[in-house]
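Protein chains in written order, with this note's numbering: chain A, 96 to 267; chain B, 96 to 267.
One structure is given here, and the rest of the page talks about it.
Protein chains: 2
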Amino acid sequence: MSKSNPCQGNCPIARVTALLGDGWSLMIIREAFLGSGKFNEFERRLGIARNILTNRLRKLVGAGLLKRRESETDRRVVEYRLTAAGRALFPVLIALSQWSEQHLGDCSHSVRYVERATGEEIRPIRVVSADGRELDAGELVMLPGPDADPALRARLNAALDQAGSEAARAAS
Amino acid sequence: MSKSNPCQGNCPIARVTALLGDGWSLMIIREAFLGSGKFNEFERRLGIARNILTNRLRKLVGAGLLKRRESETDRRVVEYRLTAAGRALFPVLIALSQWSEQHLGDCSHSVRYVERATGEEIRPIRVVSADGRELDAGELVMLPGPDADPALRARLNAALDQAGSEAARAAS
DNA sequence: CAAGTAAGTTGCAAAACGCAACCGGGCTAC
DNA sequence: GTAGCCCGGTTGCGTTTTGCAACTTACTTG
Chain A
96 MSKSNPCQGN CPIARVTALL GDGWSLMIIR EAFLGSGKFN EFERRLGIAR
146 NILTNRLRKL VGAGLLKRRE SETDRRVVEY RLTAAGRALF PVLIALSQWS
196 EQHLGDCSHS VRYVERATGE EIRPIRVVSA DGRELDAGEL VMLPGPDADP
246 ALRARLNAAL DQAGSEAARA AS
Chain B
96 MSKSNPCQGN CPIARVTALL GDGWSLMIIR EAFLGSGKFN EFERRLGIAR
146 NILTNRLRKL VGAGLLKRRE SETDRRVVEY RLTAAGRALF PVLIALSQWS
196 EQHLGDCSHS VRYVERATGE EIRPIRVVSA DGRELDAGEL VMLPGPDADP
246 ALRARLNAAL DQAGSEAARA AS
């Protein structure tokens with residue numbers, strides 16, 4: 096994948112896939128949310144090979160999701176902590192988790208996300224319109240933004256045209 | 096990864112990672128949201144190798160995200176369409192996309208998600224409490240749910256304890 | 001019927017992954 | 001202070017996954 100996936104220019108999904116699209120990165124982020132910070136903790140709790148872990152931690156630090164800091168009390172240990180950018184992935188993680196429990200495997204309810212202050216479970220993550228209504232996938236369109244490069248712009252416009260012609264065909 | 100990543104029992108993130116944790120699956124889902132359906136379309140638009148594409152499509156069909164249907168008008172072509180489970184990934188995709196644009200690379204605004212009916216851009220995806228307030232990562236806890244297996248339960252409780260002791264340490 | 005096209009499949013080379021052994025600095029205990 | 005252990009890596013090597021290109025089979029089109 097690494098060499099290819101120029102895919103469609105600066106598509107944000109392509110960029111995030113290049114960074115987190117492997118079997119471990121998301122698990123490492125999850126572990127970090129669960130409080131892991133030391134190299135050893137990640138290794139033990141995930142059962143990941145040490146060379147791979149080194150590689151992924153470097154990548155995540157390089158991307159600004161984790162911050163590497165050598166402990167002051169014991170200079171052998173290194174702490175990897177989530178940065179603000181890393182913590183901003185929390186909605187993604189929850190959305191994935193909720194989707195997984197609803198649509199994968201045996202429909203189990205194995206993790207609860209509750210508000211610390213109230214003890215109440217949070218709502219399912221949803222797409223919400225500008226004025227606060229919950230939206231469905233069918234009610235949305237993707238349009239090229241101001242910074243879309245030509246390839247992405249072409250792709251999104253093609254998708255629009257296709258949807259348009261499909262709608263026209265359905266209407267006829 | 097495939098063999099390992101038993102990770103922590105039935106953790107939903109581990110399950111979703113096993114399914115979508117590679118360089119292509121999410122891109123295929125994105126393409127499907129953009130209207131691609133035929134084998135050739137995925138191939139051309141993503142630049143993915145055909146054997147890999149075959150493999151991923153089968154996996155996604157097997158997981159119930161895509162539905163494989165041979166065209167009636169031309170029996171050579173095969174249509175892969177998102178199922179309800181697949182469409183339910185839309186919030187995840189948008190959350191990833193929004194995160195990517197905010198925290199990756201050059202802060203660009205290359206894709207706009209707008210409501211078809213109003214033309215208004217949607218709100219950023221957020222975690223919302225039971226009574227509708229937007230929550231921050233720090234205001235949440237993960238607790239084992241009724242279906243958590245022992246390993247996951249232990250992991251989540253350990254995280255709780257650790258957070259507790261850290262809080263105690265910070266308070267002292 | 002000849003040519004072209006769609007969706008795979010196969011074989012092979014290159015890259016990524018996983019494991020286990022090794023390493024160097026830093027603590028700890030005697 | 002030195003022997004032994006822990007921590008965070010690194011290295012070498014075998015296995016798996018990926019990527020590419022050529023081939024195949026079924027079908028449509030001219």
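Virtual Cβ for every residue (Gly too), placed ideally from N, Cα, C.
Note that the structure is predicted; figures quoted are calculated from it, not measured.
* Spatial neighbours of residue 207 of chain A within its chain, please: CB distance less than 7 angstroms, with the 5 preceding and 5 following residues excluded, ordered by chain position. => 216
query: Quick one: Cα of residue 235 of chain B to Cα of residue 164 of chain B, how far?
result: 42 angstroms
Self-check item: Under the three-state DSSP convention, the category residue 187 of chain B falls into
Solution: helix
Item checked: residue 182 of chain A versus A:127, A:245, A:109, A:122, residue with shortest Cα-Cα distance -> A:127
| Contacts around residue 132 of chain B, its chain only, beta-carbon distance under 7 angstroms, and the 5 residues preceding and following it disregarded | 174, 175, 176
**OP:** Could you tell me whether any Cβ in chain B is nearer than 7 angstroms to the Cβ of residue 234 of chain A?
**Re:** yes
**Request:** For residue 245 of chain B, name the three-state secondary structure that DSSP assigns.
**Result:** helix
Worksheet item: If the cut is a Cβ gap below 7 angstroms, which residues of chain B does residue 130 of chain A touch?
Response: 254, 257, 258
So, does the CB of residue 98 of chain B fall closer than 7 angstroms to a CB anywhere in chain A?
Low confidence applies to residue 98 of chain B: its pLDDT is 44, below 50, so where it sits in the model is not reliable, and the reading given next is rough at best. Cβ-Cβ to chain A under 7 angstroms: no for residue 98 of chain B.
(request) Measure from the C-beta of residue 229 of chain A to each C-beta in chain B and report whether the shortest distance is under 7 angstroms. (result) no
Please report the residue range of the beta strand (DSSP E) in which residue 235 of chain B lies.
-> 235–239
message: Following a CB-centred definition, is residue 191 of chain A positioned closer than 6 angstroms to any heavy atom of the ligand NAP?
response: You won't find the ligand NAP in this model; it holds no ligand whatsoever.
inquiry  = I believe residue 79 of chain B touches residue 110 of chain A by the beta-carbon criterion, under 8 angstroms. Please report the beta-carbon distance rounded to the nearest angstrom.
reply    = Within the shown structure, residues of chain B are numbered from 96 to 267, placing residue 79 of chain B beyond reach of any answer.
* Which word fits residue 158 of chain B, buried or exposed, when buried means at least 16 other C-beta atoms lie within 10 angstroms of its C-beta? -> buried
So, helix, strand or coil for residue 199 of chain A, using DSSP? coil
Exercise. In terms of residue numbering, what span does the alpha helix (DSSP H) encompassing residue 182 of chain B cover?
Worked result: 179–182
(request) Would you identify the three-state DSSP class for residue 251 of chain B, choosing helix, strand or coil? (result) helix
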